Every structure is written in C-alpha cells, then in structure tokens.
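Notes to accompany the following structure.
Numbering (our numbering), first residue to last: 1 to 129.
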C-alpha cells in the first residue's frame, strides 16, 4: 500500500468509534503451494464470541480497492471466503480457490462486516513451489 493511501486509511479508521475495533484479523497462514488451489486461514481476533456473530467476509469492492490504492484487476483467481471455527473455539476465515493458483504472489483486499463495524485488510500471499 502506498504512503498516501495508507495514511488516508489510518485516518479514516481512527475516526471510527472504538467499538468498531473490537474485532480484528490476524496474520494469514497459507497451507497450500504454488500450482495448487489456495488454502489459507486468517484468525479472527475478538473481545468475545458475540463479536463474531453475523461476521461476513468478502473480496472488497472495486471502490475499496481504489480508495486504498490497489488494483482489483490484479486478483486473477476467484477467491472464496468462509467463516469457520478451528475446533478449539477460535473463529477463522478460510480463504480458498477452486482453481489452481499459478502465480506465486497473490495480493488481495478483504472486507469484514459485522453488526458493530467494518474492516478492510490487505493480504499478500507468497506461494512456495
């Protein structure tokens, strides 16, 4: 993310009320390799289990991509997002593709919406051969 876009996003997020930050997204953990369908998980960080109730995740809109200085057309494989549990009570976002990923670098912006807020987060995945 370029400097001015990063600053704009930081300012916009700072203006949102404190309750909007009761939910966060952790570091992506990739479980697949290059030339395989993408399989990755993102931990959801929440103050309480109630915070993740109603959580919906999707690829951000073209307007959101533009607002943060990213090019949505560079996301060349359809990404699927599902909110799941890891079996230990930890909510996570499962990021997958049906198609094989042939590019070693996948850069995307997701939007997480829940009853108390909205969060945009960029992820860059480097797939090992």
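Don't be surprised by glycine CBs; every beta carbon is placed ideally from N, CA and C. Note that the structure is a prediction, hence the values are computed from the model and not measured.
Could you check whether residue j and residue i sit closer than 7 Å to each other, using their CB atoms as the reference points?
i, j, result
"residue 29", "residue 41", "yes"
"residue 69", "residue 115", "no"
"residue 51", "residue 113", "no"
"residue 32", "residue 38", "yes"
"residue 65", "residue 72", "yes"
Kindly give me the distance between the Cβ atoms of residue i and residue j, rounded to whole angstroms, as I take these residues to be in contact under 8 Å.
i, j, result
"residue 120", "residue 111", "6 Å"
"residue 77", "residue 96", "That belief does not hold up - the Cβ atoms of residue 77 and residue 96 are roughly 10 Å apart, past 8 Å."
"residue 36", "residue 125", "Not confirmed; about 12 Å, so no contact."
If you count every other CB in all the chains shown that lies within 10 Å of the CB of residue i, and 16 or more means buried, which is it?
i, result
"residue 103", "exposed"
"residue 15", "At residue 15, the pLDDT of 48 sits below 50, so the modelled position is not reliable; the number obtained from the coordinates is stated separately. The residue in question, residue 15, is exposed, as its Cβ has fewer than 16 Cβ neighbours within 10 Å."
"residue 60", "buried"
"residue 91", "buried"
"residue 93", "buried"
Tell me which residues share the same chain as residue i and place their Cβ nearer than 6 Å to its Cβ, disregarding the 5 neighbours each side in the sequence.
i, result
"residue 47", "22"
"residue 34", "104, 127 and 129"
"residue 99", "77"
"residue 86", "92"
"residue 18", "Low confidence applies here, because residue 18 scores a pLDDT of 48, under 50, leaving its location unreliable and the question unanswered by this model."
Tell me which same chain residues have a C-beta within less than 8 Å of the C-beta of residue i, skipping the five on either side of it?
i, result
"residue 27", "42 and 43"
"residue 89", "49"
Under 7 Å Cβ to Cβ from residue i, same chain only, skipping five residues before and after it: list those, please.
i, result
"residue 108", "59, 75, 79 and 123"
"residue 84", "92 and 94"
"residue 49", "none"
"residue 62", "72"
Worksheet item: What are the uninterrupted segments assigned as alpha helix (DSSP H) that are 4 or more residues long and contained completely in the region 49 to 126, given in chain order?
Response: For the region 49 to 126, whole alpha helix (DSSP H) runs of length 4 or above, ordered along the chain, are 62 to 67.
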